[in-house]
Every structure is written in structure tokens, then in C-alpha cells.
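*Asks:* These protein sequence lines map, in sequence, to chains A and B. Going by our numbering, the first sequence runs without a break in its numbering and finishes at 408. Going by our numbering, the second sequence runs without a break in its numbering and finishes at 92. For glycine and all other residues, C-beta sits at the position ideal for the given N, C-alpha and C. After the C-alpha cells below, expect a handful of questions from me.
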Amino acid sequence: MNTAPTLAHPALAMLARENQLREGTAPRELGGVTVEPGRHWLHEDCFLLHTSSGLRFFYRKGEGVIIERPAGPSDPAEEYLWCNGSIYAAIACINGLYPIHASAVACNGQVFAFTGPSGAGKSTLVAQLTRHALPMFCDDTLVLDLSQPGQVLCLPGHKRLKLWPDAVELTGARPAEQVMASVPKFYSEPAGGTVVDVLPLAELCFLEDGDHARIEPLHGGEKMVRLQDDHYTTDMIMAASRPDRIARFAQLANLARTIRLTRFVRPRDASRFAVDAGLVERHVKAMAGQVSEQSR
Amino acid sequence: MTGILIKRPERFVETDIDDEVVVMDLDSGNFFSLKDTALEIWRLVDGSRTSADIVAEIAAAYDLTESELAADIAAFLDQAQAAGLLEAQ
Chain A
113 MNTAPTLAHP
123 ALAMLARENQ
133 LREGTAPREL
143 GGVTVEPGRH
153 WLHEDCFLLH
163 TSSGLRFFYR
173 KGEGVIIERP
183 AGPSDPAEEY
193 LWCNGSIYAA
203 IACINGLYPI
213 HASAVACNGQ
223 VFAFTGPSGA
233 GKSTLVAQLT
243 RHALPMFCDD
253 TLVLDLSQPG
263 QVLCLPGHKR
273 LKLWPDAVEL
283 TGARPAEQVM
293 ASVPKFYSEP
303 AGGTVVDVLP
313 LAELCFLEDG
323 DHARIEPLHG
333 GEKMVRLQDD
343 HYTTDMIMAA
353 SRPDRIARFA
363 QLANLARTIR
373 LTRFVRPRDA
383 SRFAVDAGLV
393 ERHVKAMAGQ
403 VSEQSR
Chain B
4 MTGILIKRPE
14 RFVETDIDDE
24 VVVMDLDSGN
34 FFSLKDTALE
44 IWRLVDGSRT
54 SADIVAEIAA
64 AYDLTESELA
74 ADIAAFLDQA
84 QAAGLLEAQ
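This is the structure in C-alpha cells:
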């Protein structure tokens with residue numbers, strides 16, 4: 113069951129404040145760069161987005177988000193997508209948080225996240241896991257707080273679960289409205305509900321295609337390499353914090369030491385989906401129980 | 004490769020992850036993951052040993068002949084030198 117977030121973590125209050133939207137005029141360029149339709153630019157503590165449909169969004173740290181709509185009818189569904197996608201990630205980066213491209217479930221007060229490129233099956237797997245007493249923690253973007261040494265905290269998801277029609281059917285999720293006319297995905301209610309607490313990250317699992325289902329731990333250098341490859345948010349993180357190579361190396365090493373990393377390899381075969389997802393379900397519950405025992 | 008081998012710490016950063024040492028070349032950003040024998044060789048490059056000294060130490064540790072190891076160790080050291088991570092003086 114969904115409950116209202118308590119905003120107990122200061123970053124949640126910050127994100128709520130910084131994401132406030134107001135109408136106005138957005139600049140045409142940022143840091144000397146003209147932002148063409150379909151492009152965005154992050155410079156120092158500002159972010160400028162110009163969508164292909166003509167919307168412009170401008171964020172400056174501490175001032176919230178300006179939206180400039182083109183003449184004619186606007187599409188609130190599209191605005192929602194941008195505000196909860198690129199803009200949210202940019203605001204998180206500019207304010208020292210670390211968003212990654214992942215969907216996640218919660219178990220025993222810990223977060224188990226699944227990452228991979230678009231189409232890797234993150235949302236579908238999470239939707240399936242929620243049917244087995246593993247509530248959803250987030251979909252598509254997982255915002256991490258790395259400010260506590262030795263601990264990676266996860267901020268609860270801000271996006272609604274989005275599924276393709278075949279994933280709705282496969283997972284038994286309850287479909288709601290279509291995301292937008294040009295995006296044939298459906299917002300869906302995860303069968304097992306959602307969690308809205310700030311929780312530590314227990315494991316980050318990379319989704320991969322392969323000939324048979326298995327979960328394997330990652331070790332050493334492979335962890336560092338895989339953490340570098342976190343898809344669309346890496347460029348924003350680098351642009352916002354501008355770490356030199358040494359600082360970035362230290363950041364990746366800290367993450368690699370703190371989080372358990374695994375890969376879930378499986379064939380992309382709908383007839384095997386429920387069985388293979390069951391492997392993940394048992395893994396998550398076993399690992400969550402193990403960590404819980406150790407912390408007693 | 005002859006002469007005393009020394010690392011070039013201005014050219015890289017390294018860190019322990021699990022049972023490996025991960026080295027990043029600061030010029031290229033490339034990662035090198037060292038484990039097992041490669042890690043032992045890397046640790047023996049301490050400014051006091053030649054390539055021959057390292058071959059002798061590894062051979063003694065594993066009860067192998069130096070001729071069995073020399074080519075592999077030379078190949079690793081050549082690769083590390085080519086990457087600018089060490090040099091012979």
C-alpha cells in the first residue's frame with residue numbers, strides 16, 4: 113500500500129523544493145552553448161532542456177524549475193515525464209546526489225536494484241517481484257546518497273511504474289492510463305505496492321541476456337568497470353560534479369567496496385520469465401535474510 | 004628489460020577491491036585489474052628488484068624453474084612499461 117513520504121531525509125525535502133515548477137522565460141543558451149530542440153545542457157549549477165516538442169525547462173540551484181511552453185496546447189503527460197526524468201536527475205546531480213539507471217525492490221529494510229540499458233527488463237522484473245512480497249522501491253531511476261562513509265542510501269522512487277503492454281500481461285500488473293499518446297507504455301500499479309522510506313542499498317544487479325538463468329557475483333576490477341557504465345546518468349554526474357580522474361576513481365572504488373554487485377543472466381524467453389524471476393526472488397530474500405542476521 | 008624496476012606513481016592510481024588491485028592509467032583512464040601472479044609481480048616492483056630478481060622470487064615461491072616463468076613475467080612487465088606504469092633504471 114502506498115503511503116505519503118515522510119520527508120525525513122533532508123535530500124527528500126530538498127528534491128521536493130527544487131523540483132517546484134513555475135512558468136516563465138527560459139534562456140536560449142547556457143554556459144555559451146545554445147541548446148537546440150531535443151538537447152539538454154548542464155553547466156555549473158544550472159540545467160537547460162529544450163524538447164523536440166518545443167518545451168523549455170531551466171533549473172538553477174536554489175530557484176526551482178522554470179517551464180516555458182510553446183504556443184498552442186500543452187501536454188501535461190509529457191511535462192510530467194520530463195520533470196520526473198531528465199530534470200529530476202539533473203537536479204539530483206547538481207545537488208550532490210548520485211542517480212543511476214535502475215529499478216528496485218525493497219526487502220527487510222534494504223534495497224535490491226536492477227540495472228541495464230533501456231529494454232533490459234528492469235521494470236518488468238521489478239513488477240514481477242512485487243507479486244512475491246517484494247514491494248517496489250523505484251522504477252527507472254534510483255537516486256543514491258553517497259555522503260555517509262561506508263553506506264549507500266537510496267531515496268525512494270519518485271516515478272510511477274511504466275510497462276509495455278506485454279510486460280503488463282506477463283507480470284499481472286494493474287494497468288492505468290497510457291504514458292502519452294506517442295509512448296505506448298502504460299502506467300501500472302505494482303501488485304505488491306511501493307516503499308517510501310530511505311533505505312540502504314544492499315545489492316546492484318546487472319541484467320544480461322544469456323543461455324540459462326543464473327546469478328553471479330562480480331569481483332574486483334569488473335565492479336569498477338561496470339559501475340562506470342551506468343547509462344544515461346553518467347554524463348550528468350560528471351558534468352555536475354566535474355571530478356578529475358582521481359576523484360572519479362575514488363568514487364567508483366568506494367561504491368565497489370560498499371555495494372554487493374551481481375549479474376542476473378537469463379534467456380529473454382517469455383515462457384521462462386516467471387521461473388527465472390523466481391530465481392531472483394529467492395536470491396533477494398536469502399541475501400536480505402543473511403544481511404539481517406549479520407546485523408543483529 | 005634490465006635494470007631496477009620502479010613504478011611511476013605520477014602516472015596511475017591504484018586501489019584494492021576484493022582480492023584484486025585495480026590500477027587506472029591517469030592519461031588514458033584505462034583500468035588494469037591485477038590478481039594472482041600478476042598482483043604478486045606488481046607488488047615486487049618496489050624499486051629494489053630487477054626483472055630477473057622477480058622471476059627468481061616467483062619461481063622459488065611456486066617451486067618452478069625460472070625458465071618456465073621468464074617469458075610470462077617479461078610479457079607482463081613489458082605491458083606495464085608500455086602503459087607507462089613502470090620503468091627500468
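(1) Apart from the five residues on each side of it in sequence, which residues of its chain come closer than 6 angstroms, Cβ to Cβ, to Ser230(A)?
(2) Beta-carbon separation of Val217(A) and Leu246(A) under 7 angstroms?
(3) Would you report the Cα separation of Asn196(A) and Asp356(A), rounded to the nearest angstrom?
(4) Out of Gly322(A), Asp321(A), Ala365(A), state which residue places its alpha-carbon closest to the alpha-carbon of Val337(A).
(5) Which whole runs of the beta strand (DSSP E) in the segment 241-290 of chain A are 3 residues long or more, in chain order?
(6) Which stretch, first to last residue, makes up the beta strand (DSSP E) that contains Ser300(A)?
(7) For Thr137(A), which three-state DSSP category applies?
(8) Grab me the residues of His152(A)'s own chain with a C-beta within less than 8 angstroms of its C-beta, minus the 5 sequence neighbours each way, in chain order.
(9) To the nearest angstrom, how far is it from the Cα of Gly401(A) to the Cα of His121(A)?
(10) Give a yes or no on whether the C-beta atoms belonging to Phe249(A) and Gly269(A) are separated by under 7 angstroms.
(11) What span of residues does the alpha helix (DSSP H) with Glu367(A) cover, start to end?
(12) Let me know the secondary structure DSSP gives Pro329(A) once reduced to three states.
(13) Within 10 angstroms of the Cβ of Gln132(A), are there 16 or more other Cβ atoms? Answer buried if so, exposed if not.
(14) So the candidates are Ser31(B), Ala91(B), Ile57(B); which of them puts its Cα closest to the Cα of Asp75(B)?
(15) Which residue from Ile371(A), Ala293(A), Asp187(A), Leu311(A) puts its Cα closest to that of Cys266(A)?
(16) Give the residues of chain A in contact with Phe34(B), contact being defined as C-beta atoms less than 7 angstroms apart.
(17) Between Tyr171(A), Gln363(A), Gly233(A), Leu373(A), which lies nearest to Ser259(A) when the distance is taken from Cα to Cα?
(18) Using beta carbons (cut-off 7 angstroms, strictly below), is Leu88(B) in contact with chain A?
(19) Thinking C-alpha only, which one of Lys173(A), Ala389(A), Ile179(A) is nearest Tyr192(A)?
(20) The alpha helix (DSSP H) that contains Arg14(B), what's its start and end?
*Replies:* This is what the structure holds:
(1) The sequence position of residue 230(A) within the first sequence is 118, counting from 1. Answer for Ser230(A): no residue qualifies.
(2) Counting from one through the first sequence, the residue named residue 217(A) turns up at place 105. Counting from one through the first sequence, the residue named residue 246(A) turns up at place 134. Contact flag set, yes.
(3) Here residue 196(A) refers to the residue found at position 84 of the first sequence. Here residue 356(A) refers to the residue found at position 244 of the first sequence. Cα to Cα, the separation comes out at about 29 angstroms.
(4) Along the first sequence, read from residue 1 onward, the residue named residue 337(A) stands at position 225. The option with the nearest alpha carbon to Val337(A) is Ala365(A).
(5) Correct list: 248-250, 253-257, 265-267, 273-275.
(6) Taking the first residue of the first sequence as position 1, residue 300(A) is located at position 188. Its beta strand (DSSP E) spans residues 295-301.
(7) Counting from one through the first sequence, the residue named residue 137(A) turns up at place 25. In this structure, Thr137(A) counts as coil in the three-state DSSP scheme.
(8) Residue numbering aside, residue 152(A) sits at position 40 when the first sequence is read from its first letter. Taken in chain order, the residues that qualify are Phe159, Leu160, Leu161, His162, Ser198, Ala202.
(9) On the first sequence, residue 401(A) is found 289 positions in, with the first residue counted as 1. On the first sequence, residue 121(A) is found 9 positions in, with the first residue counted as 1. Approximately 25 angstroms, taken between the alpha carbons.
(10) Counted from its first residue, the first sequence places residue 249(A) at position 137. Counted from its first residue, the first sequence places residue 269(A) at position 157. At the C-beta level, Phe249(A) and Gly269(A) come within 7 angstroms of one another.
(11) Within the first sequence, residue 367(A) is the residue found at index 255, counting from 1. A quick correction: the sequence has Leu, not Glu, at residue 367(A). Per DSSP, Leu367(A) is one residue of the alpha helix (DSSP H) stretching across 357-370.
(12) Locating residue 329(A) in the first sequence gives position 217, counting from the first residue. DSSP places Pro329(A) in strand when its eight states are reduced to three.
(13) Translated into the one-based positions of the first sequence, residue 132(A) becomes position 20. Taking a 10 Å sphere around the C-beta of Gln132(A), we find fewer than 16 other C-beta atoms and assign the residue as exposed.
(14) Locating residue 75(B) in the second sequence gives position 72, counting from the first residue. For the residues Ser31(B), Ala91(B), Ile57(B), the minimum Cα distance to Asp75(B) belongs to Ile57(B).
(15) For this step, residue 266(A) is matched to residue 154 along the first sequence. With distances taken between CA atoms, Cys266(A) lies nearest to Leu311(A) out of Ile371(A), Ala293(A), Asp187(A), Leu311(A).
(16) Translated into positions along the second sequence, residue 34(B) becomes position 31. The answer, in chain order, is Gly333, Met336, Val337.
(17) The residue you call residue 259(A) lines up with position 147 of the first sequence. When only C-alpha atoms are compared, the closest one is Gln363(A).
(18) Along the second sequence, one-based indexing puts residue 88(B) at 85. No, no contact with chain A.
(19) In the first sequence, counting from the first residue as 1, residue 192(A) sits at position 80. Measuring from the Cα of Tyr192(A), the nearest candidate turns out to be Ile179(A).
(20) Position 11 of the second sequence, counted from the start, is the residue given in the question as residue 14(B). Taken as a continuous stretch (DSSP letters only), Arg14(B) belongs to no alpha helix (DSSP H), as it is neither H nor E.
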